[in-house]
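See below for the structure under consideration.
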Amino acid sequence: SKSLGQNTYCFFQASMSANAQQQLQLLHDLRMAMERREFVLHYQAKVDAHSGIITGAEALLRWHHPVRGLVFPDEFIPAAEKNGMIVQIGEWVLGEACRQLCIWHEKGHRDKSVAVNLSGLQFGHTGLVQAVCDVLQRNNLDPRHLTLEVTETVAMRDADASILILQQLNDTGIRIAIDDFGTGYSSLLYLKRLPAHELKIDRGFVRELPHSTEDAAIVSAILALGHTLNLKVVAEGVETVAQQQFLTGLGCDSLQGYLFGRPMPPDQFLEMLTPS
Ligand code: C2E
Ligand code: CA
Ligand code: CA
Ligand code: CA
412 SKSLGQNTYC
422 FFQASMSANA
432 QQQLQLLHDL
442 RMAMERREFV
452 LHYQAKVDAH
462 SGIITGAEAL
472 LRWHHPVRGL
482 VFPDEFIPAA
492 EKNGMIVQIG
502 EWVLGEACRQ
512 LCIWHEKGHR
522 DKSVAVNLSG
532 LQFGHTGLVQ
542 AVCDVLQRNN
552 LDPRHLTLEV
562 TETVAMRDAD
572 ASILILQQLN
582 DTGIRIAIDD
592 FGTGYSSLLY
602 LKRLPAHELK
612 IDRGFVRELP
622 HSTEDAAIVS
632 AILALGHTLN
642 LKVVAEGVET
652 VAQQQFLTGL
662 GCDSLQGYLF
672 GRPMPPDQFL
682 EMLTPS
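With UniProt numbering, letter number 51 in the sequence shown gets 462, and the count goes up by one each step, no holes.
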C-alpha cells in the first residue's frame, strides 16, 4: 500500500543518514588517530622455504583505538579508502616501516627486508613514486630491501596504467609483489608484462592443503606460471608443518604464516631475529 511505501521510504532515508553520519564520524576518528599517533605496525616474518631463515617482515597496520582497543585493518581500511584518508595513512605506513627497517639494519640485521601493502587509491596516487624515493633516501636504504605489495585485483583494474606505475617503481630499485594472487582475474598477457618480482599465493589456496587435491593443483599451476615468468613465489597463511613441507616440496620460495610467527610489535620481531 501507499502508506507502507512511505514508511519504508522514511525508514530508508533515516538509515541512510545514520550511515552517512557514521562515515563522517569514522573520517573524523581516522584524522584524530593520525594526529594522536594511534596507528602502529606489526611485523610478520617472511621465511626462506628451504633454509628456514627469516628474510624480513611484512608490515601490517593496527589501530590502537582509545575505546575499542586494537582494531584490525579490515575494519577501517575499506572506509579509509573511500574517504581518501588511506593516502595519508599509507604514507605514514611507508615511512614508519622504513624507519623500523633502518633500526634493524643498525642492530646488525643488515640483509633483512620489509614489505608494505599499498591500497588501490595509493597505487593510483601521483605522489607515490616520489614518496618512495624520498623515504629510501631519508633512511639511507638500499631499495632492494623494500617490497611494495599490490593486490592482483588492484594491479589488473587498469592494467596498462598499472604497468606504467610499476615500471616507475621498478626503476627506483625496489621490489614488487603481486598480493592475493589467484583471487583476481589476471590476463596472462598482462601478467607477463607486469614488472613484478614476487607472486603471493592467497591464503585461501593454502588453508586446505595438503589434503585438497584441487588446491594442490592450483598452487602447482601458480608455481609453474610464476617460475616461468622468473618470479619468486610466496605462500601465505602457512599454519601447519604439513603445509610447510608440502609447499616447500612443490617449490615455493618463501613462506609466511602463523607457523613461523604471528604479526607482532617491532621489539618482539627484533627479539625473534636475535638468537639468544
Ligand atoms: P594481506 O596483505 O593479505 O595480509 C595477510 C593477512 O593474513 C594479515 O591480516 C595477517 O595477519 C593474516 N595472516 C598471516 N598469516 C596467517 C595465518 O597463518 N593464518 C591466518 N588465518 N591469517 C594469517 P591483517 O593483518 O588483519 O590484514 C588484513 C589485510 O589488511 C591485509 O591482507 C592487507 O590487505 C590489509 N592491510 C594491512 N596492513 C595494511 C596497510 O598498511 N596498508 C594497506 N593498504 N592495507 C593493509
Ligand atoms: Ca600483503
Ligand atoms: Ca595477501
Ligand atoms: Ca588478503
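Backbone N, C-alpha and C fix where the C-beta goes; we use that ideal spot for every residue, glycine too.
Taking C-alpha atoms, which residue in the options lies nearest to residue i?
i	options	result
residue 585	552, 573 and 611	552
residue 504	605, 443, 452 and 667	452
residue 678	514, 458 and 629	514
residue 510	519, 477, 550 and 530	550
residue 489	479, 481, 500 and 680	500
residue 568	531, 522 and 668	531
residue 507	480, 485, 518 and 471	471
residue 635	647, 663 and 685	663
residue 442	485, 480, 430 and 498	498
residue 570	600, 659 and 590	600
residue 556	521, 589, 659 and 537	521
residue 617	638, 608, 516 and 657	657
residue 668	591, 659 and 647	647
residue 593	637, 621, 572 and 608	637
residue 659	621, 432 and 676	621
residue 674	462, 431, 481 and 430	481
residue 479	440, 676 and 589	440
residue 676	572, 512, 608 and 686	512
residue 572	430, 537 and 428	537
residue 686	428, 464 and 431	464
Could you have a look at residue i and say whether DSSP puts it in helix, strand or coil?
i	result
residue 460	coil
residue 524	strand
residue 454	strand
residue 585	coil
residue 536	coil
residue 652	helix
residue 622	coil
residue 665	strand
residue 480	strand
residue 603	helix
residue 553	coil
residue 713	Outside the displayed range of the chain (412 to 687) lies residue 713, so it cannot be described from this structure.
residue 591	strand
residue 467	strand
residue 679	helix
residue 670	coil
residue 575	helix
residue 529	coil
residue 543	helix
residue 643	strand
residue 493	helix
residue 617	coil
Can you tell me the Cβ-Cβ gap for residue i and residue j, rounded? I've got them flagged as a contact below 8 angstroms.
i	j	result
residue 580	residue 587	6 angstroms
residue 526	residue 446	No, residue 526 and residue 446 are not in contact; Cβ-Cβ is about 27 angstroms, not under 8 angstroms.
residue 473	residue 487	Not really, about 10 angstroms apart at Cβ, beyond 8 angstroms.
residue 610	residue 629	Rounded, the Cβ-Cβ distance is 12 angstroms, inconsistent with contact.
residue 619	residue 613	About 12 angstroms; that fails the 8 angstroms criterion.
residue 518	residue 681	7 angstroms
Counting only the same chain and skipping the five closest in sequence on each side, list residues whose C-beta sits under 7 angstroms from that of residue i.
i	result
residue 438	494 and 496
residue 665	457, 458, 459, 460, 466, 643 and 645
residue 672	455, 456 and 683
residue 597	563 and 567
residue 462	none
Below 8 angstroms CB to CB, which residues in the same chain sit around residue i once its five sequence neighbours on both sides are set aside?
i	result
residue 578	606
residue 670	649, 650, 651, 652, 654 and 655
residue 576	534, 535, 539 and 540
residue 583	540, 543, 544, 547 and 554
residue 529	501, 539, 559, 560, 561 and 565
residue 631	661
residue 706	Outside the shown range of the chain (412 to 687) lies residue 706, about which nothing can therefore be said.
residue 434	490, 493 and 494
residue 623	none
residue 603	640
Which residues in the same chain as residue i place their Cβ atom closer than 6 angstroms to its Cβ, once the five residues preceding and following it in sequence are excluded?
i	result
residue 485	none
residue 595	563, 564 and 567
residue 615	none
Those residues, in chain order, that have a beta-carbon closer than 5 angstroms to some heavy atom of ligand 2
528, 560 and 590
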